[in-house]
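A.B. asks: Going by the working numbering, the letters in the sequence shown line up with residues 10 to 267, in that order.
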Amino acid sequence: MDVAERMLELAGVTEEDVVYDLGCGDGRIVILAAKKFGARAVGVEIDPELLWEAERNARKEGVEDRVTFLYQDALKVDLSGATVVALFLLPKLNRMLRPKLLAELKPGARVVSHDFDMGSWEPDKFEEVKGEDGGTHRLYLWRIKRPAKVAGRWRWTERGPWGKEEFVLELEQHGGAIEGMLFDRGGAQAAIRDSFVSGRRIHFVASLRDGKIYVKRFFWGTAAGDRIEGTVEVRRGGGARVLPWQARRVKRWGGQLP
Numbered sequence: 010m011d012v013a014e015r016m017l018e019l020a021g022v023t024e025e026d027v028v029y030d031l032g033c034g035d036g037r038i039v040i041l042a043a044k045k046f047g048a049r050a051v052g053v054e055i056d057p058e059l060l061w062e063a064e065r066n067a068r069k070e071g072v073e074d075r076v077t078f079l080y081q082d083a084l085k086v087d088l089s090g091a092t093v094v095a096l097f098l099l100p101k102l103n104r105m106l107r108p109k110l111l112a113e114l115k116p117g118a119r120v121v122s123h124d125f126d127m128g129s130w131e132p133d134k135f136e137e138v139k140g141e142d143g144g145t146h147r148l149y150l151w152r153i154k155r156p157a158k159v160a161g162r163w164r165w166t167e168r169g170p171w172g173k174e175e176f177v178l179e180l181e182q183h184g185g186a187i188e189g190m191l192f193d194r195g196g197a198q199a200a201i202r203d204s205f206v207s208g209r210r211i212h213f214v215a216s217l218r219d220g221k222i223y224v225k226r227f228f229w230g231t232a233a234g235d236r237i238e239g240t241v242e243v244r245r246g247g248g249a250r251v252l253p254w255q256a257r258r259v260k261r262w263g264g265q266l267p
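#1: Evaluate Leu-178 with the Cβ neighbour count: other Cβ atoms within 10 Å of its Cβ, from every protein chain shown; 16 or more gives buried, anything less gives exposed.
#2: To the nearest angstrom, how far is the alpha carbon of Phe-125 from that of Gly-196?
#3: Mapping the DSSP letters down to three states, classify Pro-57 as helix, strand or coil.
#4: Could you name each continuous alpha helix (DSSP H) segment of 4 residues or more that falls completely within the segment 49-123, going from the start of the chain to the end?
#5: Quick test of your reading: Asn-103 and Ser-122, contact by CB under 8 Å. State the CB separation rounded to the nearest angstrom.
#6: Straight-line CA distance for Pro-267 to Val-86?
#7: Within 10 angstroms of the Cβ of Gln-265, are there 16 or more other Cβ atoms? Answer buried if so, exposed if not.
#8: Specify the secondary structure class of Arg-15 as computed by DSSP and reduced to three states.
#9: Using 8 Å as the Cβ pair cut-off and three pairs as the minimum, do the segment 75-89 and the segment 39-54 touch?
#10: Counting only C-beta atoms, is Leu-111 closer than 9 Å to chain C at any point?
Rendered as structure tokens:
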């Protein structure tokens with residue numbers, strides 16, 4: 010099976026799409042998207058020699074009128090016009106790109122990746138295929154969902170075997186990308202990481218100092234208006250507990266809640 014072709018099939022590419030290939034190399038996916046699927050396609054590449062080869066290949070295949078190649082860093086290119094993004098990259102770069110994809114792509118856009126996932130952002134589809142090289146290739150597909158609006162200040166109380174603790178979370182949001190700070194009542198604070206909103210699902214991780222140790226918390230929840238309900242896994246010392254998580258938004262940026 011042609012793995013690149015299957016990636017585009019998995020993403021449901023049609024002539025209505027604009028396909029971006031980040032790290033397009035010799036332009037194979039870009040050319041395939043234009044020639045076989047009728048899409049418009051954009052290849053982004055930082056190696057000028059590969060970019061020159063991609064442009065030459067596009068002319069050879071007669072699709073130069075439907076493709077564009079950009080000499081640009083994948084982490085800096087504007088993705089707001091893409092309806093499909095193809096990734097044939099390494100895992101570190103995939104995860105570096107995740108906030109950008111969530112912030113810039115519009116709801117309904119698709120992201121398809123070869124071999125590597127996006128960490129805690131779970132794919133909507135996953136499949137393994139046999140390539141023409143005889144090897145097994147893992148393909149991942151994500152659909153960009155309209156994110157719940159979660160910016161603002163949130164409060165909750167955590168009740169665990171170590172006692173009761175109160176927290177405040179301040180969130181900024183750009184599309185499905187979120188960033189913010191978590192505070193406890195004792196004055197400890199930490200920036201959240203591994204964070205995103207996909208539809209109503211929200212996830213982030215934070216490590217707060219408690220005396221001589223750092224306590225790591227993994228949050229998963231569902232946002233509905235000014236409430237979030239879910240679970241938090243608390244890793245303290247050598248142990249871990251999963252607790253209920255119920256947060257209430259007490260302030261939206263730009264206005265106090267009743």
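Note that beta-carbon positions come from the ideal geometry of N, C-alpha and C, so glycine has one too.
C.D. replies: Taking the definition as stated:
#1: On the sequence shown, position 169 is the one that residue 178 refers to. The residue is buried, with at least 16 neighbouring Cβ atoms inside 10 Å.
#2: Position 116 of the sequence shown holds residue 125. Position 187 of the sequence shown holds residue 196. If I take the Cα positions, the gap works out to 38 Å.
#3: As a position in the sequence shown, residue 57 is number 48, starting the count at 1. Of the three classes helix, strand and coil, the one that applies to Pro-57 here is helix, per DSSP.
#4: 57-70 and 100-113
#5: As a working mapping, residue 103 is identified with position 94 in the sequence shown. As a working mapping, residue 122 is identified with position 113 in the sequence shown. About 6 Å separates the two Cβ atoms, so the contact holds.
#6: By 1-based counting over the sequence shown, the position of residue 267 is 258. By 1-based counting over the sequence shown, the position of residue 86 is 77. The predicted model places Pro-267 with a pLDDT of 44, which falls under 50 and marks its position as unreliable, so this point remains unresolved.
#7: Here the question's residue 265 lines up with position 256 in the sequence shown. Because the pLDDT of Gln-265 is 49, which lies under 50, any placement of that residue in the model is unreliable, and the number read from its coordinates should be weighed accordingly. Gln-265 should be labelled exposed.
#8: Counting from 1 along the sequence shown, the entry for residue 15 is found at position 6. The answer is helix: DSSP assigns Arg-15 an H, G or I state.
#9: yes
#10: In the structure shown, chain C does not exist; there is a single protein chain.
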